[in-house]
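Have a look at the structure below before the remarks.
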Amino acid sequence: MNEGNFIVLEGVDGAGTTTHTRLLAERLRGRGLPVCTTREPTDGPIGTMIRQMLSGRIVVPGMRGPRPPSWGTMALLFAADRLDHIEAEIAPNLQDGVIVLSDRYRHSSVAYQTLSAGGGDDILAWVRTINAHALRPDLTIVLDVPADVTRSRRRARAGQDALYEEDALQAQLVDFYLTIERYFPDEQIVHVDANRDQEAVAADIYAQVQKLRGE
Ligand code: TYD
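Numbering (this note's numbering), first residue to last: 17 to 231.
Now the structure itself:
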């Protein structure tokens, strides 16, 4: 059996990674190809706990009242969730020749945990270090959307803002993602302009995957 392809979709909240992971999977499955879609935070034990932290259902008690876990704790949890993800799902599927599509991966950690901690070089280096042994994707597709567009997409969703969803941080994230390949020099990373109609974006994403597969 040939080894599968490990493909990641990345971008800020509201960029459309979840929708486009699904659309890409449908297109590949429509050709009869074996595809596994997955996401981070995962649906495993650590990922489930992280999601409850993001929504504020799990908090850290403290003298000055409950608070979200610190950025360092979050960085370690995301990295631990990722190692479980690779071992339980990504690597076995790749070995079986399956195309693995992940909605977010370690690029999210480098972007979100670094910027939510204030963005210092030492922080960036540490977040990269704790993710250094994560399996390298064959292709990462970054969906670029301007901050004002993602802001209105987030507003259109029901519910309260989760951790990391405040506008100022999201605007910094938009800029950070534009040049994120700087921090992953040995990776294949491409950008797709996702501020267009869904079909056009999906077609560009699919074209990148075809290129990767030599089709
Ligand atoms: P997201 O993937 O957008 O899920 P949902 O669509 O269910 O809201 O939310 C996950 C959040 O976690 C998002 O704000 C990005 C953040 N995140 C990190 O901060 N670091 C990481 O390593 C990952 C994978 C996600």
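Every residue gets a Cβ at the ideal spot worked out from N, C-alpha and C, and that includes glycine.
Remember, it's a predicted structure, so these values are computed and weren't measured experimentally.
For residue i, is the beta carbon positioned less than 7 Å from some heavy atom of the ligand TYD?
i    : result
D119 : yes
E182 : no
E56  : yes
T34  : yes
S168 : no
A210 : no
D177 : no
D164 : no
Which residue comes first and which comes last in the beta strand (DSSP E) that contains residue i?
i    : result
I23  : 22-26
L159 : 155-160
T53  : 51-55
V190 : It is not in any beta strand (DSSP E) - V190 instead sits in the alpha helix (DSSP H) that spans 183-194.
V206 : 205-209
S118 : 115-119
What separation, rounded to the nearest whole angstrom, lies between the Cα atoms of residue i and residue j?
i    : j    : result
Y128 : L189 : 7 Å
Q111 : D154 : 14 Å
L117 : V24  : 6 Å
E197 : I205 : 6 Å
D209 : G81  : 42 Å
F22  : I106 : 8 Å
Q214 : D160 : 13 Å
What is the C-beta distance between residue i and residue j, in whole angstroms, given that I count them as a contact (C-beta under 8 Å)?
i    : j    : result
R170 : E182 : Actually they do not touch by this definition, with Cβ atoms about 10 Å apart.
What are the boundary residues of the alpha helix (DSSP H) that includes residue i?
i   : result
S86 : Here S86 belongs to no alpha helix (DSSP H), and DSSP marks it neither H nor E.
Discussion item. Using a Cβ distance threshold of 8 Å, determine whether the segment 48-59 contacts the segment 144-153, with at least three qualifying pairs required.
Written reply: No, the segment 48-59 is not in contact with the segment 144-153.
Worksheet item: Taking one C-beta from the segment 28-38 and one from the segment 57-70 each time, how about it: are there three or more such pairs within less than 8 Å?
Response: Short answer: they don't touch.
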